[in-house]
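Presented below is the structure to which this report refers.
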Amino acid sequence: MYRLFQTHQIRKSISLPAFWDLTVPDKKTVKTPVPGCIESIPAYSSYKGKCTLETTQRFSGDLRLTFKGVGHTANVYLDGRHLGSHYGAYGEFSFILKDQSDEAHRISVEADNSYTEASALHISNDYYSYLGITRPVILEQLNQAYIQWIHITPMYVNGQWTLGLAASVENISGDRLDFKLKFYLSASDESVENSPDVIGSTDLPVQLEAGEARIFECSMTCPEVTAYMPDDPVMYFVHGQLIRASDTDASAGHIFDDLIERFGFREVKVSGSRILFNGVPIKLKGFNRHEEYAEFGSSVPLPAMQRDIMLIKDTGANCVRTCHYPNDERFLDLCDENGLFVWEEAHARALTEAQMRNPHFLEQSRLTITEMITFHYNHPSIFVWGLLNECASETEYGRACYTELIDLIRSLDSSKPVTFASCKGDKDICLDLVDIVSYNIYPKWYEDTPCAEFIAGCVDFIRTHGGAGKPILISEIGAGAIYGYRTNTRCKWSEEYQADALSEQIPAVLNNSECSGVIIWQFADCRADESWFAKRPKSQNNKGVVDLYRREKLGYEKVKELFNKT
Ligand code: ADA
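Residue numbering for the sequence shown is 529 to 1094, as defined by the numbering used here.
Here it is, written out as structure tokens:
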């Protein structure tokens, strides 16, 4: 079971070896764990370039091979035959393997984390682009057709919950298929057969021509259910099933594929300057969190994810921003189960107009957005989709890109608001494009202006330049501190300085009635590229309130004091 709940009762998966053969050019082949980052091997801690990861597994018939994340560009081969390639470390991609002979097959992945013109989003930056198969690989046995994804849209109308249901189904057989697509609403991920947990169902007859993939939609009126709320994160399951009418007994039918998705009965709306979560205005107190953990890099072990969630909740925070890319869905599962509000964002950080004019930028941006929404749509914790952190929203060209990509987000999911984090102060020309206006500001670190005055200046500009009547978030604010650097001078880079800065920054935001919340930069220190222009101490972004190993700085307790005061 890959997720934190069962995603199949019918479809079977085949486990793959835990260790694969790693070959770096001109180096000896070694065994390495998958998932994992190559940088976890001391000899490769700063390696930039290509590597090959290979394994052998016996299987036969029709299968789907899914990669949850490969950093950052992958070319995949089966028995030496090129299956295809994928760009972007933070998006899921799959291959259908047809008519495989019953023998041991060789899966090879050539991964590349170098920075070249071909990579518009992974560039030398204030976070690290790791190399390898950094998220899990899933191999599943298929049978003629399969459900690729199910999207569940809860709607509360006239005191009644209904679900909008959409499922993408692909016919991988060589024949036209007639079957039934059935949806069960259940309180559990256990089998729905004769289950007391089932509280609703609907179905629709479908036909698919050979090789055809199509999205099927319907709705379901729901009985009395419990709404998903942060302090009571009750979730339900939709079981999708493909049922072929049986040759003899049509009522029986043969289930030949299934997919189980988890969700919560919640709606997110923007109403004037407030963000409403099931009709309740929310005030966010959160952290920006890079997906990284010390020497494990971006391949964060599940216990470490859980520890982060516990530390974040311990401070009284209610929100996490997945800066600056889509996260591992197991972390999102944990956020769902803990009732945290999640701002998930597509991959991009601080691209200039020139960098946005990279010929691959728009195509790669469309891909990260489409993958993020396609595969993370149902998480009840996600309250907003973000994109293009601190990109060129002060330029006309940048505006054209923001416009196109925000339209794409809305075409894929019209049920959630959209935002981007701006650092352009009184130069931003894109604030009218979003539902929530978000600013990254650093009074007490990059500027010495008193916080309250600085925030008031931002609000004045926002209200008169496209953000009138919209919720405002301070999506980044904080200060640096070197873990262990303690001094009664309380000078910059000391833990004392960071705690002092947060003491002014956090109340200035939370006490400003125009702001819907504060998201501190950042939860934990993270690795920056050694080649990045703004040489940071230890080649790390040191603004975490804990360090790479989650050792708490003075700032951690200060945040806990302040978050629990308001
Ligand atoms: C920006 C950026 C963050 C980080 C931060 C900082 O706001 O969005 O990724 O680089 O600055 O630490 O200066």
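Even glycine gets a Cβ: it sits at the ideal position worked out from N, Cα and C.
Asked: Whole runs of the alpha helix (DSSP H) within the region 724-790, excluding any shorter than 4 residues; Found: none
Asked: Assigned secondary structure, leucine 544 (DSSP; H/G/I helix, E/B strand, else coil); Found: coil
Asked: Cβ neighbours of alanine 778 in the same chain (closer than 8 Å, five flanking residues each side left out); Found: Interpretation of alanine 778 is limited by its pLDDT of 49, a score under 50 that renders its predicted location unreliable; the figure taken from the coordinates is listed afterwards. Closer than 8 Å at the Cβ level, and outside the excluded window around alanine 778, lies no residue.
Asked: Three-way DSSP call (helix, strand, coil) for lysine 1066 in this model; Found: helix
Asked: Under the three-state DSSP convention, the category glycine 660 falls into; Found: strand
Asked: Enclosing alpha helix (DSSP H) for aspartate 706 [first to last residue]; Found: Note, aspartate 706: premise wrong, no alpha helix (DSSP H); beta strand (DSSP E) at 705-714.
Asked: Length of the line joining the Cα atoms of glycine 926 and glutamine 672; Found: 45 Å
Asked: Rounded separation between cysteine 863 and serine 909 - CA only; Found: 6 Å
Asked: Of the listed residues Thr560, Cys579, Asp654, Asp630, nearest to alanine 878 (C-alpha basis); Found: Asp654
Asked: Alpha helix (DSSP H) segment containing leucine 1082, residue limits; Found: 1082-1091
Asked: From Pro854, Gln1026, Arg817, residue whose alpha carbon lies closest to that of alanine 1052; Found: Arg817
Asked: Contacts around serine 543, its chain only, beta-carbon distance under 6 Å, and the 5 residues preceding and following it disregarded; Found: none
Asked: Any non-hydrogen atom of ligand 1 closer than 7 Å to cysteine 746 Cβ; Found: no
Asked: Alpha-carbon spacing of glutamate 872 relative to glutamine 534, whole angstroms; Found: 23 Å
Asked: Proximal residues to serine 893 (C-beta, below 6 Å), its chain only, five neighbours per side dropped; Found: Leu933
Asked: Reduced DSSP secondary structure (H/G/I, E/B, other) of phenylalanine 1097; Found: Past the edges of the chain, shown from 529 to 1094, lies residue 1097, and the structure says nothing about it.
Asked: Span of the beta strand (DSSP E) around isoleucine 651; Found: No beta strand (DSSP E) holds isoleucine 651; DSSP gives it neither H nor E.
Asked: Closest Cα partner of tyrosine 1011 within the set Arg772, Thr644, Ala1027, Glu975; Found: Ala1027
Asked: Proximity below 8 Å, CB of tyrosine 674 to CB of glycine 599; Found: no
Asked: Close-in-space but distant-in-sequence residues of the same chain around lysine 1081 (CB under 6 Å, 5 per side omitted); Found: Ala1009, Tyr1011, Glu1023, Val1073
Asked: Isoleucine 964 to aspartate 842 span [Cα, whole Å]; Found: 27 Å
Asked: Proximity test, alanine 878 beta-carbon vs ligand 1 heavy atom, cut-off 7 Å; Found: yes
Asked: Cysteine 1043 Cβ short of 7 Å to ligand 1 heavy atom set; Found: no
Asked: Inter-stretch contact at 8 Å, needing at least 3 Cβ pairs: the region 1047-1061 / the region 983-991; Found: no
Asked: Beta-carbon proximity list for alanine 546, same chain, < 8 Å, skipping 5 on both sides; Found: Pro561, Val562
Asked: Cβ-heavy atom distance, tryptophan 871 to ligand 1, below 7 Å; Found: no
Asked: Beta carbon of serine 729 nearer than 8 Å to that of leucine 691; Found: no
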